[in-house]
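Engineer: Take my numbering: the last position of the sequence shown gets the number 892, and nothing is skipped along the way.
Positions of the beta carbon are idealized from the N, C-alpha and C atoms, including for glycine.
Take a look at this one; I'll ask things after.
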Amino acid sequence: MPDSAPPAAADPVPSPREAALQALLLRMRHRTDFPALSESVASILRTAASDRESLADLTHEILKDVALTQKLLRLVNSVQFAHYGQGAIATVSRAVSLVGFNTVRNMALSLVMLDQMEDKVHARQMQEEFVRALMAGAVATELAPGVHDGEGAFLGAMFQNLGRMLGCFYFQDETGRIAALQDTPDFPGGEPAASAQVLGLPYEDLGVGVARAWGLPDALQRAMRRPDGPPPPRGADDPVERLRWIGAAANDVALAAMAAAEDRPALLREAARRYAAVVPGGLATLEKAAQAAREKTLRLTDAMQLQVEAGSAAARLLQPEPAADAPPPESRTVEEKRRALAAARAARHAPPPPVPAEVLAAGVQEIVDAMAGSGVRVDDVVRMVMETMLRGLGLRRVVFCLRDAKTDTMAGRFALGEGHQDASRLLRFPLAASGDLFAAVCRRGGDLLMADLADPAQAQRLPAWYRAAFAGTGAFVLLPLVARGQPFALLYADHAKPDGIVLDERGFALLRTLRNQALMAFRQGG
367 MPDSAPPAAA
377 DPVPSPREAA
387 LQALLLRMRH
397 RTDFPALSES
407 VASILRTAAS
417 DRESLADLTH
427 EILKDVALTQ
437 KLLRLVNSVQ
447 FAHYGQGAIA
457 TVSRAVSLVG
467 FNTVRNMALS
477 LVMLDQMEDK
487 VHARQMQEEF
497 VRALMAGAVA
507 TELAPGVHDG
517 EGAFLGAMFQ
527 NLGRMLGCFY
537 FQDETGRIAA
547 LQDTPDFPGG
557 EPAASAQVLG
567 LPYEDLGVGV
577 ARAWGLPDAL
587 QRAMRRPDGP
597 PPPRGADDPV
607 ERLRWIGAAA
617 NDVALAAMAA
627 AEDRPALLRE
637 AARRYAAVVP
647 GGLATLEKAA
657 QAAREKTLRL
667 TDAMQLQVEA
677 GSAAARLLQP
687 EPAADAPPPE
697 SRTVEEKRRA
707 LAAARAARHA
717 PPPPVPAEVL
727 AAGVQEIVDA
737 MAGSGVRVDD
747 VVRMVMETML
757 RGLGLRRVVF
767 CLRDAKTDTM
777 AGRFALGEGH
787 QDASRLLRFP
797 LAASGDLFAA
807 VCRRGGDLLM
817 ADLADPAQAQ
827 RLPAWYRAAF
837 AGTGAFVLLP
847 LVARGQPFAL
857 LYADHAKPDG
867 IVLDERGFAL
877 LRTLRNQALM
887 AFRQGG
């Protein structure tokens, strides 16, 4: 008698908290804004600060969103960063090199999170949570200036609030019930117990579960959990464990800073006592960190044009102390509050798109300033040139090619814009090829604009390799780089629509200036 087949293994039964998490994730995925938030946050956080390619990846992620790019550049050019003394910053690439990879990444992440709060029903509560998280991140940065792990103190502290922020985004009714429950005098356990009772799991588990679903780094997922019990006597040896404690301290300081003025000293003293092993210097260190973080948060939210409701906890943190004879915010009439909220909504609208020639001219000046200084690299200048072209002309992509001396082939090295990786790989042609338009332009050293590839007369001039690899392109421009009479590099830029690249005499002159700046960078770099 043949052996019977073994019984099929039963699927493991999820725990109640895992089941609750999956149910909440399902509800969030049904919201149209959640996939966009997920993709933006995950893409920005997956970039690492350890190599040049990650700088390109971060720049690419930011440039994909025109509104985010404009807001970030406005933020970088705010008074907070005026001490860099480099003039106006016109490109994300230059912002990264001046301000720092982590700072730009954290600002981009903050702007992405803030964008999700606009025009929401419960905007006030979400703004409160955002300001609280931003303040906590700023405090953590002050408390851990020497921490250089993969994610950083700012992210660890800010994302300890992710579950609560997500609750405000997507579960407003439940969030209100949680707040009411934890304010009940005889309710034990505070916010963790209240959120677990209403949502089926604590806010912290929601935040970490979503971070796991987004594929965020393991180190950040660990840093998002507040540690239990007393801090280790001599501080934590493990870098991520240290960030967990710094994040917890930073969030407690942020809560103290947003409390009523009469309650702040006692809350800060309690934080100093609790985190004495984590924060050397005690109360004086926390007070100094809180003041510096408050000033930084005030400048950031001002540059972001974030308006909060008068009399709120966020307003207590962000607004200067009122004059002695000023009426209290609560005394404003309903109509005054309505007008203030309407003004706040108007202030949050994205700025109008910049004029192309202004973007090109600003990029040219920024590159002049950068090359006049010291320490600028050739590839930094090339990326600034490419980004200026991409934004200024509203291009689909820009590819930088270099000549391979061994094969006498012009080949893509790096690119920005849509399909940048494929475009860099596919843009390749032999310079000696007879009848190849691209090779002929490079050998001649002249510039070429193919404005309408839908025109059969222009389309028939394209080499077969280009028609196969770049089908659907509407227009492109070629800018060869020539030294000693020989082409050694090429800037290629295209647009999806025919006649999409609009260049008047000034625009073409600025484009040639950008090409010449790239050429000069190579000459200076040897």
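Compute the Euclidean distance between the alpha carbons of residue 712 and residue 640, then round it to the nearest angstrom.
Structural biologist: Working through the sequence shown from its first residue, we reach residue 712 at position 346. Working through the sequence shown from its first residue, we reach residue 640 at position 274. For residue 712, the predicted structure reports a pLDDT of 43, less than 50, and the residue's modelled location is therefore unreliable. A value from the coordinates is still provided. So the alpha carbons of these two residues sit roughly 43 Å apart.
Engineer: Within a Cβ cutoff of 6 Å, which residues of the same chain sit near residue 406, ignoring the five residues on either side of it in sequence?
Structural biologist: Taking the sequence shown and counting its residues from 1, one reaches residue 406 at position 40. Once the five neighbours on either side are set aside, the close Cβ partners of residue 406 are 478.
Engineer: Between residue 480 and residue 403, what straight-line distance do the alpha-carbon atoms span, to the nearest angstrom?
Structural biologist: Here the question's residue 480 lines up with position 114 in the sequence shown. Here the question's residue 403 lines up with position 37 in the sequence shown. If you take the alpha carbons of residue 480 and residue 403, they lie about 10 Å apart.
Engineer: So, using beta-carbon positions, are residue 666 and residue 500 closer together than 8 Å?
Structural biologist: As a working mapping, residue 666 is identified with position 300 in the sequence shown. As a working mapping, residue 500 is identified with position 134 in the sequence shown. Yes, Cβ-Cβ distance for residue 666 and residue 500 is below 8 Å.
Engineer: Evaluate contact between the stretch 556–563 and the stretch 613–621, counting only Cβ atoms and requiring at least three cross-stretch pairs below 8 Å.
Structural biologist: Touching, no, given that fewer than three Cβ pairs across the two stretches are closer than 8 Å.
Engineer: Can you find the residues in the same chain that come closer than 7 Å, C-beta to C-beta, to residue 835, ignoring five residues on each side of it along the sequence?
Structural biologist: As a first step, residue 835 must be located in the sequence shown, where it is residue number 469. Result list for residue 835: 792, in chain order.
Engineer: Would you identify the three-state DSSP class for residue 624, choosing helix, strand or coil?
Structural biologist: Reading the sequence shown from its first residue, position 258 is the one you call residue 624. In the structure shown, residue 624 sits in coil (DSSP, three-state: anything other than H, G, I, E or B).
Engineer: What is the residue span of the beta strand (DSSP E) that residue 777 lies within?
Structural biologist: Locating residue 777 in the sequence shown gives position 411, where the first residue counts as 1. Residue 777 -> beta strand (DSSP E) spans 775–783.
Engineer: Is residue 848 near residue 867, with beta carbons less than 8 Å apart?
Structural biologist: In the sequence shown, residue 848 corresponds to position 482, counting from 1. In the sequence shown, residue 867 corresponds to position 501, counting from 1. Not closer than 8 Å, so no.
Engineer: Near residue 809, which residues of its chain fall below 7 Å by C-beta distance, leaving aside the five closest residues on each side in sequence?
Structural biologist: For the purposes of this step, residue 809 is identified with residue 443 of the sequence shown, where counting begins at 1. Closer than 7 Å at Cβ, skipping near neighbours: 797, 853.
Engineer: Using only the alpha-carbon positions, how far apart do residue 579 and residue 408 sit?
Structural biologist: As a working mapping, residue 579 is identified with position 213 in the sequence shown. As a working mapping, residue 408 is identified with position 42 in the sequence shown. The alpha-carbon atoms of residue 579 and residue 408 are separated by roughly 10 Å.
Engineer: Within the stretch 720–789, note down every full beta strand (DSSP E) run reaching 3 residues or more, in order along the chain.
Structural biologist: As far as the stretch 720–789 is concerned, its whole beta strand (DSSP E) runs of at least 3 residues are 763–770, 775–783.
Engineer: Report back the beta-carbon spacing between residue 567 and residue 537 to the nearest angstrom; my notes put them in contact at under 8 Å.
Structural biologist: On the sequence shown, residue 567 is found 201 positions in, with the first residue counted as 1. On the sequence shown, residue 537 is found 171 positions in, with the first residue counted as 1. Going by Cβ atoms, the distance from residue 567 to residue 537 rounds to 12 Å, so no, they are not a contact pair.
Engineer: So, with DSSP's three-state summary, where would you put residue 860?
Structural biologist: Here residue 860 refers to the residue found at position 494 of the sequence shown. Correct three-state label for residue 860: strand.
Engineer: Where do the N-terminal and C-terminal ends of the beta strand (DSSP E) with residue 589 fall, by residue?
Structural biologist: Indexing the sequence shown from 1 puts residue 589 at position 223. Counting along the chain, residue 589 falls outside any beta strand (DSSP E), though it belongs to the alpha helix (DSSP H) covering 584–589.
Engineer: Where residue 753 and residue 785 are concerned, what is the direct C-alpha to C-alpha distance, given to the nearest angstrom?
Structural biologist: As a first step, residue 753 is located in the sequence shown; it is residue number 387 there, counting from the start. As a first step, residue 785 is located in the sequence shown; it is residue number 419 there, counting from the start. So the alpha carbons of these two residues sit roughly 15 Å apart.
Engineer: Rounded to a whole number of angstroms, what is the C-alpha to C-alpha distance between residue 569 and residue 491?
Structural biologist: In the sequence shown, residue 569 corresponds to position 203, counting from 1. In the sequence shown, residue 491 corresponds to position 125, counting from 1. Their Cα atoms are separated by approximately 15 Å.
Engineer: What do you get for residue 550, buried or exposed, if any count of 16 or more other CB atoms within 10 angstroms of its CB means buried?
Structural biologist: Within the sequence shown, the letter at position 184 stands for residue 550. So residue 550 ends up on the exposed side.
Engineer: Could you tell me which residues DSSP pairs with residue 842 in its beta bridges?
Structural biologist: Here the question's residue 842 lines up with position 476 in the sequence shown. Partner(s): 816, 860.
Engineer: Along the chain, which unbroken stretches of the alpha helix (DSSP H) at least 4 residues long are found entirely within the stretch 512–600?
Structural biologist: Counting only runs of 4 or more, we get 518–525, 528–536, 538–548, 556–565, 569–580, 584–589.
Engineer: With DSSP as the reference, label residue 869 as helix, strand or coil.
Structural biologist: What you label residue 869 is simply residue 503 of the sequence shown in a count that begins at 1. Note: residue 869 maps to coil in three-state DSSP.
Engineer: With three or more C-beta pairs closer than 8 Å as the rule, is the stretch 768–785 touching the stretch 734–742?
Structural biologist: The stretch 734–742 vs the stretch 768–785: no contact.
Engineer: Is residue 459 buried or exposed, if buried means 16 or more other CB atoms sit within 10 Å of its CB?
Structural biologist: Walking along the sequence shown from the start, residue 459 turns up at place 93. That one is buried.
Engineer: What number of angstroms, rounded off, separates the C-alpha of residue 433 from the C-alpha of residue 795?
Structural biologist: As a working note, residue 433 is residue 67 in the sequence shown. As a working note, residue 795 is residue 429 in the sequence shown. For residue 433 and residue 795, the distance between alpha carbons rounds to 36 Å.
Engineer: Just reading off the beta strand (DSSP E) that residue 795 is part of, what are its end residues?
Structural biologist: Reading the sequence shown from its first residue, position 429 is the one you call residue 795. Segment 794–796, the beta strand (DSSP E) holding residue 795.
Engineer: Quick one: measure Cβ to Cβ for residue 523 and residue 545, integer angstroms, because I've assumed they're closer than 8 Å.
Structural biologist: On the sequence shown, residue 523 is found 157 positions in, with the first residue counted as 1. On the sequence shown, residue 545 is found 179 positions in, with the first residue counted as 1. About 22 Å; that fails the 8 Å criterion.
Engineer: Report the option in 818, 655, 456, 471 whose CA atom is closest to the CA atom of residue 413.
Structural biologist: Numbered from 1 along the sequence shown, position 47 holds the residue referred to as residue 413. Considering only alpha carbons, the answer is 471.
Engineer: Alpha carbons only, please: which of 493, 435, 518, 430 is nearest the one belonging to residue 469?
Structural biologist: Stepping through the sequence shown from its first residue, residue 469 is reached at position 103. Per the Cα distances, 518.
Engineer: Taking a contact to mean a Cβ-Cβ separation below 8 Å, would you say residue 845 touches residue 877 in this structure?
Structural biologist: Here the question's residue 845 lines up with position 479 in the sequence shown. Here the question's residue 877 lines up with position 511 in the sequence shown. The answer is yes: Cβ separation under 8 Å.
Engineer: Just the Cα atoms here: how many angstroms apart are residue 625 and residue 541?
Structural biologist: Numbered from its first residue, the sequence shown carries residue 625 at position 259. Numbered from its first residue, the sequence shown carries residue 541 at position 175. Approximately 20 Å between the Cα atoms of the pair.
Engineer: For residue 848, which residues does DSSP report across the bridge?
Structural biologist: As a first step, residue 848 is located in the sequence shown; it is residue number 482 there, counting from the start. DSSP lists 853 as partners of residue 848.
Engineer: What's the C-alpha gap between residue 439 and residue 748?
Structural biologist: Here the question's residue 439 lines up with position 73 in the sequence shown. Here the question's residue 748 lines up with position 382 in the sequence shown. Approximately 19 Å, taken between the alpha carbons.
Engineer: So residue 436 is in the alpha helix (DSSP H); what residue range does that whole segment cover?
Structural biologist: Taking the first residue of the sequence shown as 1, we reach residue 436 at position 70. Segment 432–442, the alpha helix (DSSP H) holding residue 436.
Engineer: Would you tell me roughly how many angstroms separate the C-alpha atoms of residue 668 and residue 684, rounded to the nearest one?
Structural biologist: Stepping through the sequence shown from its first residue, residue 668 is reached at position 302. Stepping through the sequence shown from its first residue, residue 684 is reached at position 318. C-alpha separation (whole angstroms): 9 Å.
Engineer: Could you have a look at residue 672 and say whether DSSP puts it in helix, strand or coil?
Structural biologist: Residue 672 sits at position 306 when you count from the first residue of the sequence shown. It is coil, neither helix nor strand.
Engineer: Using the Cα positions of residue 891 and residue 744, report the straight-line distance between them to the nearest angstrom.
Structural biologist: Translated into positions along the sequence shown, residue 891 becomes position 525. Translated into positions along the sequence shown, residue 744 becomes position 378. C-alpha separation (whole angstroms): 6 Å.
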